[in-house]
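J.: Chains as they are written, first to last, in this note's numbering: chain A, 119 to 376; chain B, 42 to 393.
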Amino acid sequence: MAKKVFGRPKSLKEAIYHYCPGCGHSIVHRLVAEVIDELDIRGITIGVPPAGCAVLAYNYFDVDMIEAQHGRGPATATGIKRSLPDRIVFSYQGDGDLAAIGIAESFHAANRGENITVIFINNAVYGMTGGQMAPTTMLEQKTTTTPAGRNRTLDGYPVKVCELFSQLRGTTYIERCTVNSPASVNKTKKAIKKAFQCQIDGKGFSLIEILSPCPTNWKLNAIDSCKWIDEVMSKEFPLGVFKDNLAPVKKTGEADPC
Amino acid sequence: MNKILMSGNNIIAEAAIRAGCRFYAGYPITPQNELTEYMAEHMRNVPGGVFIQSESEIAAIHMIIGASATGTRVMTSSSSPGISLKQEGISSMAACELPGVIVNIMRGGPGLGNIRPAQGDYFQATRGGGHGDYRTIVYGPATCQELADLTMDAFDLADKYRTPVMILADGMMGQMMEPVIFKKPKPRKYSEKFMLKGAGAGKSKFIRGLILDAIEMEEHNWKLERKYKIIVDNETLHEEHRTDDAEFVIVAYGTAARIAKGAIKRLRDNGMKVGLFRPITLWPFPELKLRALSGKVKNFLVFEMSTGQMLEDVRLTLQGYANIEFHGRPGGVVPTPAELANVIARHYDKKD
Ligand SMILES: Cc1ncc(C[n+]2csc(CCOP(=O)(O)OP(=O)(O)O)c2C)c(N)n1
Ligand code: SF4
Numbered sequence: 119m120a121k122k123v124f125g126r127p128k129s130l131k132e133a134i135y136h137y138c139p140g141c142g143h144s145i146v147h148r149l150v151a152e153v154i155d156e157l158d159i160r161g162i163t164i165g166v167p168p169a170g171c172a173v174l175a176y177n178y179f180d181v182d183m184i185e186a187q188h189g190r191g192p193a194t195a196t197g198i199k200r201s202l203p204d205r206i207v208f209s210y211q212g213d214g215d216l217a218a219i220g221i222a223e224s225f226h227a228a229n230r231g232e233n234i235t236v237i238f239i240n241n242a243v244y245g246m247t248g249g250q251m252a253p254t255t256m257l258e259q260k261t262t263t264t265p266a267g268r269n270r271t272l273d274g275y276p277v278k279v280c281e282l283f284s285q286l287r288g289t290t291y292i293e294r295c296t297v298n299s300p301a302s303v304n305k306t307k308k309a310i311k312k313a314f315q316c317q318i319d320g321k322g323f324s325l326i327e328i329l330s331p332c333p334t335n336w337k338l339n340a341i342d343s344c345k346w347i348d349e350v351m352s353k354e355f356p357l358g359v360f361k362d363n364l365a366p367v368k369k370t371g372e373a374d375p376c
Numbered sequence: 042m043n044k045i046l047m048s049g050n051n052i053i054a055e056a057a058i059r060a061g062c063r064f065y066a067g068y069p070i071t072p073q074n075e076l077t078e079y080m081a082e083h084m085r086n087v088p089g090g091v092f093i094q095s096e097s098e099i100a101a102i103h104m105i106i107g108a109s110a111t112g113t114r115v116m117t118s119s120s121s122p123g124i125s126l127k128q129e130g131i132s133s134m135a136a137c138e139l140p141g142v143i144v145n146i147m148r149g150g151p152g153l154g155n156i157r158p159a160q161g162d163y164f165q166a167t168r169g170g171g172h173g174d175y176r177t178i179v180y181g182p183a184t185c186q187e188l189a190d191l192t193m194d195a196f197d198l199a200d201k202y203r204t205p206v207m208i209l210a211d212g213m214m215g216q217m218m219e220p221v222i223f224k225k226p227k228p229r230k231y232s233e234k235f236m237l238k239g240a241g242a243g244k245s246k247f248i249r250g251l252i253l254d255a256i257e258m259e260e261h262n263w264k265l266e267r268k269y270k271i272i273v274d275n276e277t278l279h280e281e282h283r284t285d286d287a288e289f290v291i292v293a294y295g296t297a298a299r300i301a302k303g304a305i306k307r308l309r310d311n312g313m314k315v316g317l318f319r320p321i322t323l324w325p326f327p328e329l330k331l332r333a334l335s336g337k338v339k340n341f342l343v344f345e346m347s348t349g350q351m352l353e354d355v356r357l358t359l360q361g362y363a364n365i366e367f368h369g370r371p372g373g374v375v376p377t378p379a380e381l382a383n384v385i386a387r388h389y390d391k392k393d
């Protein structure tokens, strides 16, 4: 008899994504759903989708959800988590949502050390509204509102969320990953799992930034989009763990295990 | 039950806690800081109580949205400029049918304005304030006792109609001290089916304001509108003071109504038959009751601490039925009863 080795996660509804082919949102949705299944927290999880391409995430995730206004996800998530501290609460946000209009809400939720998880999709543009400049747009990158390329003098610099937030004493786990190859997808899943585990263990604020292809607005095909992440985006936004207060703290006098 | 002497801002906070409010978020702004501070001090002693000093008024309203979605009784408070910032969330609450109480202790405006009592936010409060086709139930209390009673009632109405309710008072009401009795709160009636608590083993739910299909969105708008009609039919409140034999009636709410009562006393002492019609719900406006009064009184004067906002509702109600005069002091000026009495005496002589 055939053994089932791959299937739809329980935490994803039987629905067809509206995302463009090659879009990172689809992959990350799946990873989050798999993690929710594996941690067996579907019944106690409440998600907060953003305004952005993921605005319809409640049609995909089979967990309780409340859609936030643009950028306000971490405030809404704070309200949920403080009311129901034993539930698992995540906010899912794009770069415009988190780092432009919602920077105050995300920054202060992080600074308060809210015990929530933020899934942060950095695709260097405003996807939903048609490819305008985002706070994370690369210098020189052309968008519909930077037709001559992002100009450092006029438009400022790409905002580095992991670098900034890891400076806040309220944050516990912060990692930047990508989903442009099978290996990086696996790595991202591990990071997401770690972030949710951090919350389950009551350890505080976790944020996973995912460099995520937007072939439609980058005007590249799916394969070239993946390459662009390697060759351009990850140079500005280096991958890695920026904060890990989960690592067991060594007691003084304890010998290093060798 | 004992009377307790408290200031308006503290009364609202205490009444909210007694009514079962267990989540408050707010951002400091004068003249309502005592409310926020009272919540900070007292929420922590209530089992399950949450107080958050948010990073902005925007964050505060979205925090109470999250908490309300879980089924918790929620409140936020601010003063005029901060209420402008909350409008995004108030519109969301109306759209998503989430209950919650929003307090506006008005100050002088527009812009940063000043911190003196004013009534310039009537339009914003009663016309919805934020974007989209929606209404907010608005109470305009005029005494400390009403602050206590209406705050409790606001939570019940918010639950009953699953909609945001605003308490619209001003800096004077917030600072004023009067003895009050806190009534016994009613047991809460709010169905679990509206609460997001995690799907458990069952079906997941979602709450959203986004409805992309125009026909569906239209249907949602009409559904809300049907609810607002029921509110109009059932929830208007007003007070009539010495209108039995009145030949001239002042229409005023909140602090302005208090001043009007002082003026009426003086005018009556001088033989002028003046009464007061005081809307308690500003939306829904007690239109039918006011029009009924115009059956026997033909001379009205609207008095507001603004350039004339409720005046429009009175005109919609009375135009063609009675004469309507107006006296207003915007910008944080609180006129005395003597000033108002003089104004009315002038009009009284000219009345039909
Ligand atoms: C208050 C407000 N302003 C603007 C918008 C329009 N809007 C919707 S999504 C969005 C930006 C989306 O970009 P991002 O957050 O990067 O997410 P993406 O679509 O790229 O996933 C904007 C500007 C809105 N919904 N609300
Ligand atoms: S526009 Fe970009 S972010 Fe939005 S669905 Fe398409 S590829 Fe994804």
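Beta carbons are placed, not taken as given, at the ideal position from N, Cα and C, and that holds for glycine.
With distance defined between alpha-carbon atoms, name the residue in A:Ala175, A:Leu357, A:Phe179, A:Ala340 nearest to Ile159 (chain A).
T.: Translated into positions along the first sequence, residue 159 (chain A) becomes position 41. Of A:Ala175, A:Leu357, A:Phe179, A:Ala340, the residue nearest in Cα terms is A:Phe179.
J.: Determine the chain B residues that contact His226 (chain A) at a beta-carbon separation under 8 Å, and present them in chain order.
T.: The residue you call residue 226 (chain A) lines up with position 108 of the first sequence. By Cβ distance, chain B contributes Ser95, Glu96, Ala100.
J.: Between Ser209 (chain A) and the rest of its own chain, which residues show a CB-CB distance below 6 Å, the 5 nearest in sequence each way excluded?
T.: Taking the first sequence and counting its residues from 1, one reaches residue 209 (chain A) at position 91. Excluding sequence neighbours, Ser209 (chain A) sits near Val166, Gly191, Pro192, Ala195, Val236.
J.: Do you know offhand how far Met42 (chain B)'s Cα is from Ile222 (chain B)'s?
T.: On the second sequence, residue 42 (chain B) is found 1 positions in, with the first residue counted as 1. On the second sequence, residue 222 (chain B) is found 181 positions in, with the first residue counted as 1. In a straight line, the C-alpha of Met42 (chain B) is about 7 Å away from that of Ile222 (chain B).
J.: I want to verify the contact list: residues of chain A whose CB lies under 8 Å from the CB of Ile105 (chain B), in sequence order.
T.: By one-based count along the second sequence, residue 105 (chain B) stands at place 64. Those are Gly197, listed as they occur along chain A.
J.: Indicate whether at least one CB of chain B lies closer than 8 Å to the CB of Ser324 (chain A).
T.: Within the first sequence, residue 324 (chain A) is the residue found at index 206, counting from 1. It does not; no Cβ of chain B falls within 8 Å.
J.: Report buried or exposed for Pro140 (chain B), applying the criterion of at least 16 other Cβ atoms within 10 angstroms of its Cβ.
T.: By 1-based counting over the second sequence, the position of residue 140 (chain B) is 99. Pro140 (chain B) comes out buried.
J.: Tell me where the beta strand (DSSP E) around Arg356 (chain B) begins and ends.
T.: Mapped onto the second sequence, residue 356 (chain B) falls at position 315. Careful: Arg356 (chain B) lies outside any beta strand (DSSP E), inside the alpha helix (DSSP H) at 351-359.
J.: How should Met47 (chain B) be labelled, buried or exposed, when 16 other C-beta atoms within 10 angstroms of its C-beta is the threshold for buried?
T.: Your numbering for residue 47 (chain B) matches position 6 in the second sequence. By the neighbour-count rule (16 or more Cβ atoms within 10 Å), Met47 (chain B) is buried.
J.: Measuring only between beta-carbons, confirm whether Glu156 (chain A) sits less than 8 Å from chain B.
T.: Working through the first sequence from its first residue, we reach residue 156 (chain A) at position 38. By this cut-off, Glu156 (chain A) is not an interface position.
J.: Under the three-state reduction of DSSP, which class applies to Lys220 (chain B): helix, strand or coil?
T.: Position 179 of the second sequence, counted from the start, is the residue given in the question as residue 220 (chain B). A small fix is needed here, since residue 220 (chain B) is Pro in this sequence, not Lys. Looking at Pro220 (chain B) - three-state DSSP - the assignment turns out to be strand.
J.: I need the boundaries of the alpha helix (DSSP H) containing Val273 (chain B), first residue and last residue.
T.: By 1-based counting over the second sequence, the position of residue 273 (chain B) is 232. From DSSP, the alpha helix (DSSP H) with Val273 (chain B) extends over 255-275.
J.: Could you tell me the alpha carbon to alpha carbon distance between Phe360 (chain A) and Glu354 (chain A), rounded to whole angstroms?
T.: The residue given as residue 360 (chain A) occupies position 242 in the first sequence. The residue given as residue 354 (chain A) occupies position 236 in the first sequence. Using only the alpha carbons, I get a separation of about 15 Å.
J.: Would you list, in sequence order, the uninterrupted alpha helix (DSSP H) runs of no fewer than 4 residues that lie entirely inside the segment 123-195 of chain B?
T.: Entirely contained in the segment 123-195 of chain B, the alpha helix (DSSP H) runs reaching 4 residues are, in chain order, 163-167.
J.: Looking at Gly245 (chain A) and ligand 2, is the gap between the Cβ and the nearest heavy atom below 7 Å?
T.: Start at 1 with the first residue of the first sequence, and residue 245 (chain A) comes out as number 127. Yes, the beta carbon of Gly245 (chain A) sits closer than 7 Å to at least one heavy atom of ligand 2.
J.: Compute every distance between the C-beta of Ala172 (chain A) and the non-hydrogen atoms of ligand 1, then say whether any falls below 7 Å.
T.: Walking along the first sequence from the start, residue 172 (chain A) turns up at place 54. Yes; taking the cut-off as 7 Å, the Cβ of Ala172 (chain A) has a heavy atom of ligand 1 nearer than that.
J.: Can you list the residues of chain A that Gly241 (chain B) reaches, using a CB-CB cut of under 7 Å?
T.: In the second sequence, the residue the question calls residue 241 (chain B) occupies position 200. In chain order: Gly161.
J.: Indicate the three-state DSSP secondary structure (helix, strand or coil) for Cys376 (chain A) in the structure shown.
T.: Walking along the first sequence from the start, residue 376 (chain A) turns up at place 258. Because Cys376 (chain A) sits at a pLDDT of 46, beneath the cut-off of 50, its placement in the model cannot be relied upon, and the point is left open.
J.: Just to confirm, is the Cβ distance from Ile234 (chain A) to Gly239 (chain B) under 8 Å?
T.: The residue you call residue 234 (chain A) lines up with position 116 of the first sequence. The residue you call residue 239 (chain B) lines up with position 198 of the second sequence. Not a contact, by the Cβ cut-off of 8 Å.
J.: According to DSSP, is Ala169 (chain A) helix, strand or coil?
T.: Reading the first sequence from its first residue, position 51 is the one you call residue 169 (chain A). Of the three classes helix, strand and coil, the one that applies to Ala169 (chain A) here is coil, per DSSP.
J.: Out of B:Leu265, B:Pro122, B:Gln160, B:Pro228, which one is the CA nearest neighbour of Pro205 (chain B)?
T.: The residue you call residue 205 (chain B) lines up with position 164 of the second sequence. Closest option to Pro205 (chain B), Cα to Cα, is B:Leu265.
J.: Between the alpha carbons of Ser121 (chain B) and Ser347 (chain B), how many angstroms are there, rounded?
T.: To locate residue 121 (chain B), count along the second sequence from 1; it is residue 80. To locate residue 347 (chain B), count along the second sequence from 1; it is residue 306. Roughly 13 Å between the two C-alpha positions.
J.: Taking only beta carbons into account, state which residues of the segment 167-196 of chain A come closer than 7 Å to chain B, listed in chain order.
T.: The residues in question are Val173, Tyr176, Asp180, Val181, Asp182, Met183, Ile184, Glu185, Ala186, Gln187, Arg190, Ala193, Thr194, Ala195, Thr196.
J.: Less than 7 Å separating the Cβ of Asn86 (chain B) from some heavy atom of ligand 1?
T.: Here residue 86 (chain B) is taken as the residue at index 45 of the second sequence, counted from 1. It does not: the Cβ of Asn86 (chain B) is nowhere closer than 7 Å to a heavy atom of ligand 1.
J.: Any beta-carbon of chain E closer than 8 Å to the one on Arg126 (chain A)?
T.: Checking the listed chains, one finds no chain E in this structure; the protein chains it contains are A and B.
J.: Give the interface partners of Ile164 (chain A) over in chain B, defined as CB-CB distance under 7 Å, in chain order.
T.: Taking the first residue of the first sequence as position 1, residue 164 (chain A) is located at position 46. Near Ile164 (chain A) (Cβ distances below 7 Å), the residues of chain B are Leu237, Gly239.
J.: Starting from the C-beta of Ser335 (chain B), find all residues in its chain whose C-beta is less than 7 Å away, skip the five residues before and the five after it, and write them out in chain order.
T.: Sequence index remark: in the second sequence, residue 335 (chain B) carries index 294 (1-based). These residues qualify, in order along the chain: Leu359, Tyr362, Ala363.
J.: To the nearest angstrom, report how far apart Val144 (chain B) and Asn269 (chain A) are at their CA atoms.
T.: Counting from one through the second sequence, the residue named residue 144 (chain B) turns up at place 103. Counting from one through the first sequence, the residue named residue 269 (chain A) turns up at place 151. Their backbone Cα atoms lie some 44 Å apart in a straight line.
J.: Where Ala57 (chain B) and Pro182 (chain B) are concerned, what is the direct C-alpha to C-alpha distance, given to the nearest angstrom?
T.: Indexing the second sequence from 1 puts residue 57 (chain B) at position 16. Indexing the second sequence from 1 puts residue 182 (chain B) at position 141. One C-alpha to the other measures close to 15 Å.
J.: Could you give the first and the last residue of the continuous alpha helix (DSSP H) run that contains Tyr389 (chain B)?
T.: Translated into positions along the second sequence, residue 389 (chain B) becomes position 348. Run containing Tyr389 (chain B): 378-391, per the alpha helix (DSSP H) assignment.
J.: Grab me the residues of Cys376 (chain A)'s own chain with a C-beta within less than 8 Å of its C-beta, minus the 5 sequence neighbours each way, in chain order.
T.: Along the first sequence, one-based indexing puts residue 376 (chain A) at 258. Caution applies to Cys376 (chain A), whose pLDDT of 46 falls short of 50 and renders its modelled position unreliable; the value that the coordinates give is listed next. Contacts found: none.
J.: Is it right to say Pro333 (chain A) is buried, meaning 16 or more other beta carbons lie within 10 angstroms of its own, or is it exposed?
T.: Mapped onto the first sequence, residue 333 (chain A) falls at position 215. Buried, because 16 or more other Cβ atoms sit within 10 Å of the Cβ of Pro333 (chain A).
J.: With distances taken Cα to Cα, identify the nearest neighbour of His388 (chain B) among B:Leu188, B:Met351, B:Asn340, B:Val374.
T.: Taking the first residue of the second sequence as position 1, residue 388 (chain B) is located at position 347. The option with the nearest alpha carbon to His388 (chain B) is B:Asn340.
J.: Does the Cβ-Cβ distance between Gly215 (chain B) and Gly49 (chain B) come in under 8 Å?
T.: Translated into positions along the second sequence, residue 215 (chain B) becomes position 174. Translated into positions along the second sequence, residue 49 (chain B) becomes position 8. The answer is yes: Cβ separation under 8 Å.
J.: Against chain A, does Thr113 (chain B) count as a neighbour if the rule is that its beta carbon must be under 8 Å from one of theirs?
T.: For this step, residue 113 (chain B) is matched to residue 72 along the second sequence. Judged by the 8 Å Cβ criterion, Thr113 (chain B) is in contact with chain A.
J.: Of the residues B:Lys302, B:Arg309, B:Pro325, B:Asp310, which one's Cα is nearest the Cα of Phe318 (chain B)?
T.: Position 277 of the second sequence, counted from the start, is the residue given in the question as residue 318 (chain B). Ranking B:Lys302, B:Arg309, B:Pro325, B:Asp310 by Cα distance to Phe318 (chain B) puts B:Lys302 first.
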